[in-house]
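The letter at position 96 of the sequence shown is residue 96 when you use my numbering, and the numbering goes up by one with no holes.
Built from N, CA and C at the ideal position, the CB exists for glycine as well.
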Amino acid sequence: MSKEEASAVAGIFWSLSPVVVITSAAGEDINGQVAVTAVTSSIVHSVPRLLVGIWKGNYTHGFITRSGAFTIHLLRTDQLDLVRNFGFYTGRERDKFRDVGYRTGVTGSPVLLDAHSYAECRVINAMDGGDMTAFLVSVVDGKILSGGDWMTLNHFYTYAPEEWIEQYGERLSLSVANSLGIIHNIDYAPWKGK
């Protein structure tokens with residue numbers, strides 16, 4: 001298999017990933033972002049754990065490393081507007097919660113009032129991935145808020161307006177260019193917690 005074919009196979013996992021909104025708090029400040037790297041990490045259902053990848057350039061990354069907690073929200077297929085709100089802008093420049101209903105959860109992180117479902121998480125370990133951090137989390141609370149299908153990245157690419165796809169592609173290209181410079185700079189020191 002060539003490197004190009006391996007990349008194409010890995011891309012299948014990315015396109016079928018759920019589109020999630022990650023929210024976190026650091027002191028009085030809150031932020032949120034879109035992520036597509038979230039998977040279950042345990043077969044023990046009574047001890048639910050997830051593995052969530054967060055790009056280091058995202059403003060929310062610092063919130064998670066400082067607080068050691070976040071909330072992950074699955075989105076419904078009719079919530080493309082939340083993808084744009086949380087994924088196309090940085091919280092450094094815009095209040096992403098201005099028009100979004102939320103409450104403070106048990107971890108101190110914001111919990112969106114309107115989503116498919118949510119899981120509040122505490123970080124129990126982390127691994128440096130160069131351009132991102134893989135957070136191993138324990139789910140401490142959660143709820144299914146509405147039924148139906150949740151959104152995948154493939155769904156977003158199929159149903160979002162063309163201008164959104166172009167805008168997202170431009171932002172993603174900039175992020176990839178930044179990542180290429182640091183992706184191999186991995187700190188192998190064990191995670192020490194918050």
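Those residues which DSSP pairs with residue i across a bridge
| i | result |
| --- | --- |
| Ala135 | Looking at the sequence itself, residue 135 is Phe, so the reference to Ala does not match. The partner list for Phe135 (beta bridge, DSSP) reads Val52, Ala126. |
| Asn31 | Ser24 |
| Glu120 | Thr71, Asp141 |
| Ala38 | Val52 |
Residue i, enclosing alpha helix (DSSP H) - first and last residue
| i | result |
| --- | --- |
| Ser173 | 162-180 |
| His61 | 59-67 |
| Tyr159 | 153-159 |
| Arg92 | No alpha helix (DSSP H) holds Arg92; DSSP gives it neither H nor E. |
| Leu80 | 80-87 |
Nearest neighbour of residue i, chosen from the options [CA to CA]
| i | options | result |
| --- | --- | --- |
| Thr90 | Gly32, Asp149, Thr158, Trp164 | Gly32 |
| Gly57 | Thr77, Arg103, Ile182, Ser146 | Ile182 |
| Trp191 | Tyr157, Gly68, Trp164 | Gly68 |
| Ile22 | Val111, His184, Gly129 | Val111 |
| Ala25 | Val19, Ser46, Ala38, Thr71 | Thr71 |
| Asp149 | Pro161, Thr133, Arg122, Gln79 | Gln79 |
| His45 | Thr77, Asn85, Val140 | Val140 |
Cβ-based burial, residue i [other Cβ within 10 Å; buried from 16]
| i | result |
| --- | --- |
| Ile30 | buried |
| Leu75 | buried |
| Gly193 | exposed |
| Thr40 | exposed |
| Val100 | buried |
Inset, instruction - Spell out a yes or no on whether the stretch 127-137 and the stretch 166-186 are touching, meaning 3 or more CB-CB pairs, one atom from each, closer than 8 Å. - result: yes
Legend entry - the stretch 169-177 touching the stretch 103-123, judged by at least three CB pairs closer than 8 Å: no
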